[in-house]
Amino acid sequence: MTTAVNATLSSYDDLIRRVGDGELGPDPGTFRIAVAFTTRQAVRHDGRGTGYRNEVLSLRLAEAVGSCAVEPGALPDSAVEECVGADVARLLRHPLPPVRVAALDAYLMHVLPHTPAQGAVPVPLPAGSSLEKSRARATAVVGLLDLPPGATVLVVGVVNSLLEALRSRGLRYVPCDLKGGETEWGEPVLADALAEAGRCDALLVSGMTLGNGTFEPLRRHALAHGKQLVMFAQTGSAVLPRFLGQGVSAVCAEPYPFFWLDGGPGVVHRYGGSCPGGER
Numbered sequence: 001m002t003t004a005v006n007a008t009l010s011s012y013d014d015l016i017r018r019v020g021d022g023e024l025g026p027d028p029g030t031f032r033i034a035v036a037f038t039t040r041q042a043v044r045h046d047g048r049g050t051g052y053r054n055e056v057l058s059l060r061l062a063e064a065v066g067s068c069a070v071e072p073g074a075l076p077d078s079a080v081e082e083c084v085g086a087d088v089a090r091l092l093r094h095p096l097p098p099v100r101v102a103a104l105d106a107y108l109m110h111v112l113p114h115t116p117a118q119g120a121v122p123v124p125l126p127a128g129s130s131l132e133k134s135r136a137r138a139t140a141v142v143g144l145l146d147l148p149p150g151a152t153v154l155v156v157g158v159v160n161s162l163l164e165a166l167r168s169r170g171l172r173y174v175p176c177d178l179k180g181g182e183t184e185w186g187e188p189v190l191a192d193a194l195a196e197a198g199r200c201d202a203l204l205v206s207g208m209t210l211g212n213g214t215f216e217p218l219r220r221h222a223l224a225h226g227k228q229l230v231m232f233a234q235t236g237s238a239v240l241p242r243f244l245g246q247g248v249s250a251v252c253a254e255p256y257p258f259f260w261l262d263g264g265p266g267v268v269h270r271y272g273g274s275c276p277g278g279e280r
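Using the UniProt record's numbering, the first residue of the sequence shown is number 1, and each one after it goes up by one.
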């Protein structure tokens, strides 16, 4: 669903400005963050040779939780204390980008929740092991790409289950992550995603790019070249749907609590792409 705001949105900074000016809902200065917390985890799924770590800053506003993933150890402990009791307008001006992202996400989750009225299509994730749930989420994400076998996808934010799902559809990929390293299959992970985008037919990008400043260049590339840009978003799950039609073609939004936190059933929310009722 493309709203009037989406149609004229020029950048992530423009979205922050519009929220601050009250264009998408009530004055953010009237909302205070009640709870701030970080979630840290390390995982190695059964049958996988590599693992990874996650660290996420989350802010609670009424019933909503906004989140931003960070590199493990990068967020100072003082950030959580600074967020508690602060109003959203103040946090949208915080010097730390992850705080600004989490505050924006919490505000938008509160005023524009993931509902059919906002264009969201819920996709249930079954109960199961961490690997089973990871694969179920990957199926929901990769299903938003409309590509023939043999096409090449730029993957920013390497998740092996996503790569596995792309391989199962006969799609090639260029894995990118600021940390570098290797995939589960020994493929090199490249650090400069934008430098690789030109040789790819579509982009599959983590919401974590909002917090590290790499989202905007990738969005502008997709917009300028008419490429599909599918976002998988634990970070900024309520932020990224605002960019549908402005470079972002589809979003798989996964608000807190994330699939890796619980073995029970869960849900992700898909926007755009090939979702029933979604926008092409």
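Each residue gets a CB set at the ideal place from its N, CA and C atoms; glycine is no exception.
Would you mind stating whether residue i and residue j have Cβ atoms separated by less than 8 Å?
i: V155; j: L92; result: no
i: V189; j: V158; result: yes
i: D201; j: T139; result: no
i: V230; j: L108; result: no
i: G266; j: K133; result: yes
i: F243; j: R220; result: no
i: A42; j: R53; result: yes
i: P28; j: G213; result: no
i: T235; j: V142; result: no
i: V239; j: D105; result: yes
i: E254; j: A233; result: yes
i: E184; j: N160; result: yes
i: G273; j: S237; result: no
i: A103; j: V84; result: no
Can you tell me which of the three DSSP states residue i falls into?
i: E81; result: helix
i: N6; result: helix
i: A42; result: strand
i: L57; result: strand
i: R93; result: coil
i: L75; result: coil
i: D21; result: coil
i: D192; result: coil
i: R32; result: strand
i: H114; result: coil
i: S129; result: coil
i: A136; result: helix
i: D87; result: strand
i: A120; result: coil
i: A62; result: coil
i: G273; result: coil
i: P26; result: coil
Quick one: residues in its chain with C-beta nearer than 8 Å to the C-beta of residue i, no 5 flanking neighbours on either side, listed in chain order?
i: V111; result: L24, G25 and P26
i: E196; result: L154, V174, C176 and L190
i: G150; result: G170, L171 and R172
i: P72; result: R40, R53, N54 and E55
i: G263; result: A127, G128, S129, S130 and K133
i: L9; result: L15, R18, R242, F243 and Q246
i: R199; result: T152 and V174
i: S168; result: none
i: D192; result: C176
i: L162; result: A138, V141, V142, V155, L204 and F232
i: D21; result: none
With a threshold of 6 Å on Cβ separation, who are the neighbours of residue i within its own chain once the five nearest residues in sequence on each side are excluded?
i: S58; result: F37, V65, S67 and Y256
i: R60; result: A34 and V35
i: V123; result: A140, V268 and R270
i: H94; result: R100
So residue i and residue j are supposed to be a Cβ contact under 8 Å. How far apart are they, rounded?
i: G247; j: L223; result: 4 Å
i: L203; j: Q228; result: 7 Å
i: V99; j: A74; result: The pair is not a contact, with the Cβ atoms about 12 Å apart (cut-off 8 Å).
i: L194; j: Y12; result: About 16 Å; that fails the 8 Å criterion.
Between residue i and the rest of its own chain, which residues show a CB-CB distance below 7 Å, the 5 nearest in sequence each way excluded?
i: A86; result: R32 and I33
i: F259; result: L125, K133, S134, R137 and G266
i: G226; result: none
i: E187; result: P175
Shorter than 8 Å from the beta carbon of residue i to some beta carbon of chain D?
i: S134; result: As a matter of chain content, chain D is missing from the structure shown, which is built from one protein chain.
Just to confirm the assignment: which complete alpha helix (DSSP H) runs, minimum length 4, are found wholly within the region 210 to 262?
Whole alpha helix (DSSP H) segments, 4+ residues: 215 to 225.
List, from N- to C-terminal side, the beta strand (DSSP E) runs of 3 residues or more that fit wholly inside the region 141 to 190.
As far as the region 141 to 190 is concerned, its whole beta strand (DSSP E) runs of at least 3 residues are 152 to 156 and 172 to 176.
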